[in-house]
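First up is the structure itself, then whatever we jot down about it.
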Amino acid sequence: MKEFGAATIAQYRQQTASLLLYQAVLNDTVGQTFLSLLEALSTSKGLTNERAQCLTAYGKWFQALANTGKSWGGHLVERMLIADNAFTQAAQRLTMAKLPVPLIAAARHDLNILQNLYGLSPSYVSQCVQTACQLPQAPVVWSLMPEPLPVDLSPDWSAGIDNLVTYYQHQGTGKFGQFRGFRWQQGQLLGITEPDPIRLEDLAAYDGPKDALVKNTEFLLAGFNALNVLLYGSRGAGKSSLVKALLTEYGDRGLRLIEVAKADLYDLPTIVESLRPQPQKFIIFVDDLSFEEDDDAFKALKVVLEGGLTRRPQNVVVYATSNRRHLVREFFADRPRPRDADELKSWDTVQEKLSFSDRFGLTLTFEAADQPMYLDIVHHLAKQVGLDLSLEDLDYRARQWATRHNGRSGRSARQFIDFLSAELALDTEK
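Just so you know, full-length UniProt numbering puts 184 at position 184 of the sequence shown, and the rest follows in order with no gaps.
What follows is the structure in structure tokens.
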């Protein structure tokens, strides 16, 4: 058991101040309230106002930890693994043997300090507050079992630095280590805290397009030239779900999904260039893509699909879904007439619009579901959720649902199963 007193607290305070690379670990609310608590404890001489400051500081640290729902050690490790600094950035790109020696030494120094902080028991901190404030009993302790370490660092973190480098190479750092799914909004990448958990095995039918998309994504992850993909077909066929399921399947292997709205397509070249130096693999996902006759946003997408003077990055592809085979709408009035003198190359303009979808290297077609396919999807989903219903009854209800609601599609089948599952569960409770 550590001795209670200002000397030990002062040592922790000195260690936190001497971090060379991982200062950002303590830059969040938990870290800042912890530093404030260390300061209050190390300067307290037992005066009434100083006791109040210690208690207030402890309360803020306790509340900050409670808001995370994690243990002190678990939160500290999480912050360390997503830290964005000179060492973590270099570790993503270089092997251990090629990392600068001073950078490794600084990282080892910080890992020793972070391991000391990881081993700091909240119970010990509570008892320090009790001693400093002369309380009859120690304050309530935020005491949870530490979460398992996602990387093997024990027993000596500084000696386990090789495993940490490997982790950064596979999982990334900063926001790309913290999140797997992103949304481009107002000129910045926003991490999605709860991406759709749909899995590839949740999706029935359309095995051909699914296999082709999975294979192309495997090319991307392996560092080969993957193709940009257009997923074309009827509404509700599961095109968007298939793309999102790739993140669930391959997120652990460094895949990241970035959703870009059609209104933000002008930013695509900027987005792609920002992703080029990153070690992760990125799918830029554009859902329900189509362009009106006077819409120039497709030019920004064209630049990304075709490339320019700058070499196309091997770690970025575009996956787009659409209900249209030709993405730019064409009207009969658009077709040039013999008397049309507005543009000498009018047919070239029409062909450019109609051939825009050809810029995607791979076009996957999702045909409308007929009744056998629709029922196959229903059977697949019903088996997954464990519905206790005869096949005859299930098929009858599924056909009725399709007639009364949104027709036959994968989406309609999912809505039917969700509704039926809730209905049967509610009837069971009555």
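Where a beta carbon is used, it is the ideal one built from N, C-alpha and C, also for glycine.
Subject >> Pair within 8 Å by beta-carbon distance, Phe285 and Leu257 >> reply: yes
Original post:
Relative to the C-alpha of Glu39, which residue among Gln14, Pro372, Ser240 is closest?
Top reply: Gln14
Original post:
Going by the beta-carbon positions, is the gap between Ala205 and Ile417 smaller than 8 Å?
Top reply: no
Subject >> Cβ separation of Arg180 and Leu247, assumed to be a contact under 8 Å, to the nearest whole Å >> reply: 6 Å
**OP:** Alpha carbon to alpha carbon, how far is Arg414 from Asp395? Give it in angstroms, no decimals.
**Re:** 14 Å
**OP:** Classify Glu201 as helix, strand or coil using the three-state DSSP reduction.
**Re:** helix
Subject >> Distance between Phe34 and Gln178 (C-alpha atoms, nearest Å) >> reply: 22 Å
Original post:
Just reading off the beta strand (DSSP E) that residue 439 is part of, what are its end residues?
Top reply: Within the shown structure, residues of the chain are numbered from 1 to 430, placing residue 439 beyond reach of any answer.
Subject >> Cβ distance (whole Å) where Ser412 is taken to contact Trp401 below 8 Å >> reply: 7 Å
Subject >> Span separating the alpha-carbon of Ala10 from that of Arg79 >> reply: 23 Å
Subject >> For Tyr22, three-class secondary structure by DSSP >> reply: coil
Original post:
Can you tell which of Asn85, Leu65, Ala86 has its C-alpha closest to the C-alpha of Leu76?
Top reply: Leu65
**OP:** Reducing DSSP to helix, strand and coil, say where Val125 ends up.
**Re:** helix
Subject >> Backbone CA spacing between Glu249 and Asn49 [nearest angstrom] >> reply: 56 Å
Subject >> Run of the alpha helix (DSSP H) containing Lys45, from where it starts to where it stops >> reply: It is not in any alpha helix (DSSP H) - Lys45 carries neither H nor E in the DSSP assignment.
**OP:** Can you have a look at Arg408 and say buried or exposed, based on whether 16 or more other CB atoms are within 10 angstroms of its CB?
**Re:** buried
Original post:
Looking only at its own chain, which residues have a Cβ that is under 6 Å from the Cβ of Pro146, when we skip the five neighbours before and after it?
Top reply: Ser71, Gly73, Gly74
Original post:
Rounded to whole angstroms, how far is the Cβ of Ser234 from the Cβ of Phe419, which I believe are closer than 8 Å?
Top reply: No, Ser234 and Phe419 are not in contact; Cβ-Cβ is about 21 Å, not under 8 Å.
Original post:
Do you know offhand how far Glu392's Cα is from Val385's?
Top reply: 18 Å
Original post:
If you draw a straight line from the C-alpha of Gln23 to the C-alpha of Pro148, how long is it?
Top reply: 23 Å
**OP:** Mark Ser322 as exposed unless 16 or more other C-beta atoms lie within 10 angstroms of its C-beta, in which case mark it buried.
**Re:** buried
Original post:
From Val25 to His379, what distance separates their C-alpha atoms?
Top reply: 49 Å
Original post:
Do you know whose CA, among Lys45, Asp370, Val303, Ala106, lies nearest Thr131's CA?
Top reply: Lys45
Subject >> Chain-order list of residues whose beta-carbon lies under 6 Å from that of Thr56 (same chain, five-residue window excluded) >> reply: none
**OP:** Verify whether the separation of the beta carbon atoms of Phe282 and Asn228 is less than 8 Å.
**Re:** no
Subject >> Every unbroken beta strand (DSSP E) inside the region 183-228 [3 residues or more] >> reply: 188-192
Original post:
Just reading off the beta strand (DSSP E) that Val286 is part of, what are its end residues?
Top reply: 281-286
**OP:** Return helix, strand or coil for Phe360, following the three-state DSSP convention.
**Re:** coil
**OP:** To the nearest angstrom, report how far apart Asp84 and Ala159 are at their CA atoms.
**Re:** 21 Å
Original post:
How is Gly386 classed by DSSP in three states: helix, strand or coil?
Top reply: coil
Original post:
Would you call the CB atoms of Pro269 and Ala226 closer than 8 Å?
Top reply: no
Subject >> Residues near Lys345 by beta carbon distance below 6 Å, same chain, minus five either side >> reply: With a pLDDT of only 48 at Lys345, under 50, the local geometry of the prediction cannot be trusted, and no value is derived from it.
Subject >> Minimum C-alpha distance to Leu364 - residue among Leu200, Ala212, Leu164, Asp110 >> reply: Ala212
**OP:** Return the chain-ordered list of same chain residues with a C-beta closer than 8 Å to the C-beta of Arg199, the five sequence neighbours on each side being excluded.
**Re:** Ala245, Thr248, Glu249
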